[in-house]
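Which chain is which? The protein sequence lines are V and X, in order.
Positions 0 to 147 (numbering that gives the first Met the number 0) are the ones given, in order, by the first sequence.
Positions 0 to 491 (numbering that gives the first Met the number 0) are the ones given, in order, by the second sequence.
What follows is one structure encoded as structure tokens, with my remarks underneath.
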Amino acid sequence: MSEERYTISSLLSRLVEIEEKVKQFYDSLKTDNNAMLRENFSHFSKEHEEIARKIETTKRETIVEFTLEPISGVNIDKCLGEIEGMVLNREMKILDKSIKIEEKISQLYTDVIGKIAHMSGEASQLLLSSNKKAKKRLDVLKQLQKGL
Amino acid sequence: MTKLQEVKGDYGRLPLYVNGEWVESNTSQYQKAMNPAFDRPIAEVPFSKKEEVDEAIKIAEEAFEKWREMPITTRAGYIYKLKQRIDEHIEEIARITTQNHGKIIDEARGETRRLTENVETACSISYTLAKGEHLDQVATGIDETLVKEPLGVFGILGPFNFPSLAPFWFIPIALTTGCTLVVKPSEITPLPMQWALKAFEEAGFPEGVINMVHGGKEVSEAITTNRHIQGVCFVGSTPVARQVYKLAGEYGKRAICQAGAKNYVVVDEDADIDKTIQALMPSFFGNTGQRCLSGSNLVLIGSMHEKLKDRFVQSVAKMRLGYGLDESIEMGPVVTRRAKERIAGYIEKGVEEGAKLILDGRNPKVPDYPDGYFLGGSVFDDVTPDMTIAKEEIFGPVASIIKTQNLQEALNMINTKINYGNAACLFTKNGKNAREFRRRANAGNIGINIGIAAAMAFFPFAGRRESFFGTLHGQIDCVDFFTDKKVIVERW
């Protein structure tokens with residue numbers, strides 16, 4: 000398997016792509032019959048949108064010029080493909096999908112943070128806090144799953 | 000990966016900025032500014048007439064009298080506003096840098112981020128700077144006070160390779176101290192600085208405090224020799240730096256001349272290979288090798304030669320070339336066709352002198368940009384320190400591998416085989432060797448497990464030997480350059 004290599008901008012752009020993809024996924028669930036799910040999905044959509052916006056800003060404003068090393072060891076294409084696959088999967092239940100997707104994002108952020116901490120402290124802090132939010136969403140989703 | 004949008008396709012004839020207004024030059028001499036990825040003209044650069052340069056300096060001098068009298072809080076206020084405005088334009092400046100210079104967008108963003116740091120640093124020193132020193136009762140009934148006074152009008156002569164950052168090593172601090180400026184950006188890459196000047200205009204700086212003219216050598220000379228100019232800040236090659244320094248001395252001006260380089264990067268036998276290779280990539284090939292802190296000679300100690308060489312070459316060969324506005328691109332073109340030919344000439348010379356060309360980047364395949372000034376990364380092995388490619392500044396994406404037995408030999412090469420002293424880097428896990436290296440390497444910027452020893456704005460951008468002419472360096476160090484000390488001894 001050929002190893003993916005990223006510039007920090009291309010890597011962060013892919014994360015924006017993932018966040019936007021997941022936002023769209025939650026947008027598509029806003030019409031769910033269950034009011035509590037609807038409300039949570041709407042909230043999650045806004046969170047993903049906000050994270051995407053922040054990553055884009057951070058990418059533009061915080062890159063430090065002397066640490067622009069190629070980034071390898073994370074496979075974002077694969078992750079994005081898996082998320083897309085889950086979104087399109089008609090067999091999976093909505094909550095199962097959401098949990099899997101958020102777990103995937105959380106794991107990806109954990110992997111990426113270590114790779115970029117020395118390049119952009121701000122980006123790594125942002126991903127840390129985004130990861131915390133992903134974990135909170137997971138908690139909420141798991142609670143909802145228990146309740147249904 | 001989609002390509003980012005250019006700010007503009009064509010910037011037309013560049014106006015001068017004089018007395019707070021954009022004005023067209025009266026010159027008939029123009030040069031085209033290019034997009035090097037396409038060999039496409041994107042602007043026309045006027046070569047200002049001497050009268051225009053003199054007029055800009057005269058206006059800056061008139062503005063100086065008012066600017067220096069302004070309360071420090073008001074003057075600092077402009078620098079704070081500048082910071083806000085620069086932040087608003089930062090992405091535009093970055094994209095224009097990629098468009099005009101060729102460097103990839105990450106490097107351009109990195110450059111503009113560093114530019115901002117210099118403005119922030121000026122903000123941070125603006126009040127403390129004005130305070131001076133006072134000693135009560137140095138003799139009976141006598142007090143002594145030291146104040147720092149701004150000197151007047153300074154010229155800033157920018158380089159092509161960091162077209163917006165390098166002028167900003169000086170501009171914010173000069174303005175904070177109360178000096179006024181005439182800036183001449185590189186005639187090859189004038190667009191980033193041209194765009195950055197919008198931020199000054201929008202921050203509402205008083206007329207004449209900062210002015211910009213365009214042109215080449217004649218304009219630099221007209222600035223340096225003008226009797227109203229107090230000094231010049233220059234960044235560029237060693238031959239030109241030497242000339243500017245000489246001229247400044249002849250005319251009794253202050254000068255900071257940051258010059259060329261030939262940087263050694265040494266890899267110790269115990270270095271972490273993965274991390275080292277990652278750091279070597281931007282060191283040797285960042286900015287397409289066109290930076291005065293680039294690695295150029297790669298010294299591999301003992302067994303590291305066999306352990307690292309092939310993996311390094313594989314990494315270099317994998318670099319994606321193209322237009323830097325595509326975020327996935329890892330190396331852009333060099334700045335001009337002439338630069339490409341000059342670099343290729345050095346590669347030819349290396350082969351002639353017996354170095355082994357293990358990766359030849361002279362004819363890269365960049366299908367979408369057939370006319371661009373592209374060179375892939377080139378790597379020589381079996382280079383000896385006396386070869387031309389190991390001694391002269393190539394300023395392009397070429398790495399020369401030199402094998403050596405120990406750190407001592409590497410230090411001897413750095414200290415005796417080149418005349419430059421900009422940077423030297425060591426990759427090691429050995430603290431004793433790291434200490435020995437940073438103490439003994441005769442270079443102004445030292446990297447330990449860092450491939451590009453680029454000082455932040457709140458440290459001087461050092462450099463020594465033929466990499467620097469002057470006594471005070473760029474960035475924070477230039478506070479003393481723009482001011483003079485006045486000592487007042489008082490008895491009442």
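Beta carbons are placed, not taken as given, at the ideal position from N, Cα and C, and that holds for glycine.
Since this is a predicted model, take the numbers as computed values, not measurements.
Practice task
Count the other C-beta atoms from every protein chain shown that fall within 10 angstroms of the C-beta of threonine 145 of chain V, then say buried if there are 16 or more, exposed otherwise.
Solution key: The residue you asked about is not threonine; residue 145 of chain V is lysine in the sequence shown. The residue in question, lysine 145 of chain V, is exposed, as its Cβ has fewer than 16 Cβ neighbours within 10 Å.
Exercise for the section: Please determine, among X/Ala55, X/Gln136, X/Thr237, X/Ile58, the residue with the shortest C-alpha to C-alpha distance to phenylalanine 467 of chain X. Expected result: X/Thr237
Handout entry: Nearest neighbour of threonine 72 of chain X, chosen from X/Asn25, X/Ile58, X/Ser123 [CA to CA]
Key = X/Ser123
Problem - Buried/exposed call for tyrosine 322 of chain X, threshold 16 Cβ in 10 Å - result: buried
Problem - Exposure of glycine 420 of chain X, with buried meaning 16 or more beta-carbon neighbours within 10 Å - result: buried
Practice task
Helix, strand or coil for methionine 0 of chain V, going by three-state DSSP, please let me know.
Solution key: Confidence in methionine 0 of chain V is poor, its pLDDT being 43 and thus under 50, which makes the residue's placement unreliable; the coordinate value appears in the next sentence. Coil at methionine 0 of chain V, not helix or strand.
Practice task
May I ask you to verify whether the region 87-101 of chain V touches the region 126-140 of chain V, counting CB pairs closer than 8 Å and requiring at least 3?
Solution key: yes
Problem - Limits of the alpha helix (DSSP H) - the one that aspartate 142 of chain X falls within - result: That residue, aspartate 142 of chain X, is in no alpha helix (DSSP H); its beta strand (DSSP E) goes 141-149.
Problem - CB-CB length for phenylalanine 40 of chain V against lysine 29 of chain V, believed under 8 Å - result: 6 Å
Handout entry: Strand pairing of threonine 287 of chain X, partner residues [DSSP]
Key = DSSP lists no partner for threonine 287 of chain X.
Exercise for the section: With a threshold of 16 other CB atoms inside 10 Å of the CB of methionine 303 of chain X, please say whether the residue is buried or exposed. Expected result: buried
Problem - N-terminal and C-terminal residue of the beta strand (DSSP E) that threonine 179 of chain X is part of - result: 179-183
Exercise for the section: Check the DSSP bridge columns for lysine 31 of chain X and list the partner residues they point to. Expected result: X/Glu43
Problem - Helix, strand or coil at valine 350 of chain X according to DSSP, with G and I counted as helix - result: helix
Problem - isoleucine 155 of chain X versus methionine 192 of chain X: straight-line alpha-carbon distance, rounded - result: 11 Å
Practice task
Under 8 Å Cβ to Cβ from aspartate 38 of chain X, same chain only, skipping five residues before and after it: list those, please.
Solution key: Arg336, Asp370, Gly371, Tyr372
Problem - Any chain X beta carbon closer than 7 Å to serine 8 of chain V - result: yes
Exercise for the section: Indicate whether at least one CB of chain X lies closer than 7 Å to the CB of serine 12 of chain V. Expected result: yes
Problem - Integer Cβ distance of threonine 482 of chain X from glutamate 68 of chain X, believed to fall under 8 Å - result: Their Cβ separation, rounded to whole angstroms, is 15 Å, which puts threonine 482 of chain X and glutamate 68 of chain X out of contact at 8 Å.
Handout entry: Assigned secondary structure, tyrosine 372 of chain X (DSSP; H/G/I helix, E/B strand, else coil)
Key = coil
Handout entry: Proximity test, Cβ basis, 7 Å: arginine 336 of chain X and chain V
Key = no
Exercise for the section: Determine the burial state of tryptophan 491 of chain X: buried for a count of at least 16 other Cβ atoms within 10 Å of its Cβ, exposed for fewer. Expected result: exposed
Problem - Inter-residue Cα distance where the pair is asparagine 400 of chain X and valine 378 of chain X - result: Checking the displayed sequence, the identity of residue 400 of chain X turns out to be isoleucine instead of asparagine. Taking the straight line from one Cα to the other gives about 7 Å.
Exercise for the section: To the nearest angstrom, report how far apart aspartate 381 of chain X and glutamine 257 of chain X are at their CA atoms. Expected result: 31 Å
Exercise for the section: Examine the Cβ distances between the region 309-327 of chain X and the region 178-186 of chain X and report whether three or more of them are shorter than 8 Å. Expected result: no
Practice task
Starting from the beta carbon of arginine 59 of chain V, find every residue of chain X whose beta carbon is closer than 7 Å, and list them in chain order.
Solution key: Ile89, Glu90, Arg108
Practice task
Would you verify that the beta carbon of leucine 67 of chain V is, or is not, closer than 7 Å to some beta carbon of chain X?
Solution key: yes
Problem - Backbone secondary structure at tryptophan 66 of chain X - three-state DSSP - result: helix
Handout entry: Cβ pair count under 8 Å reaching 3, the region 56-63 of chain V against the region 92-111 of chain X
Key = yes
Practice task
Go ahead and pull the three-state DSSP assignment for valine 382 of chain X.
Solution key: coil
Practice task
Could you tell me the distance, in whole angstroms, from the CA atom of proline 45 of chain X to the CA atom of isoleucine 228 of chain X?
Solution key: 22 Å
Practice task
Use the C-beta contact count for methionine 330 of chain X: other C-beta atoms within 10 angstroms, 16 or more gives buried, fewer gives exposed.
Solution key: buried
Exercise for the section: Could you tell me whether any Cβ in chain X is nearer than 7 Å to the Cβ of isoleucine 62 of chain V? Expected result: yes
Practice task
Under the assumption that aspartate 325 of chain X contacts lysine 2 of chain X (Cβ atoms under 8 Å), give the Cβ distance between them as a whole number of angstroms.
Solution key: 5 Å
Practice task
Spell out whether any CB of chain V is found under 7 Å from the CB atom of arginine 463 of chain X.
Solution key: no
Exercise for the section: Just tell me which of X/Phe167, X/Tyr10, X/Ile95, X/Val218 has its CA closest to the CA of threonine 26 of chain X. Expected result: X/Val218
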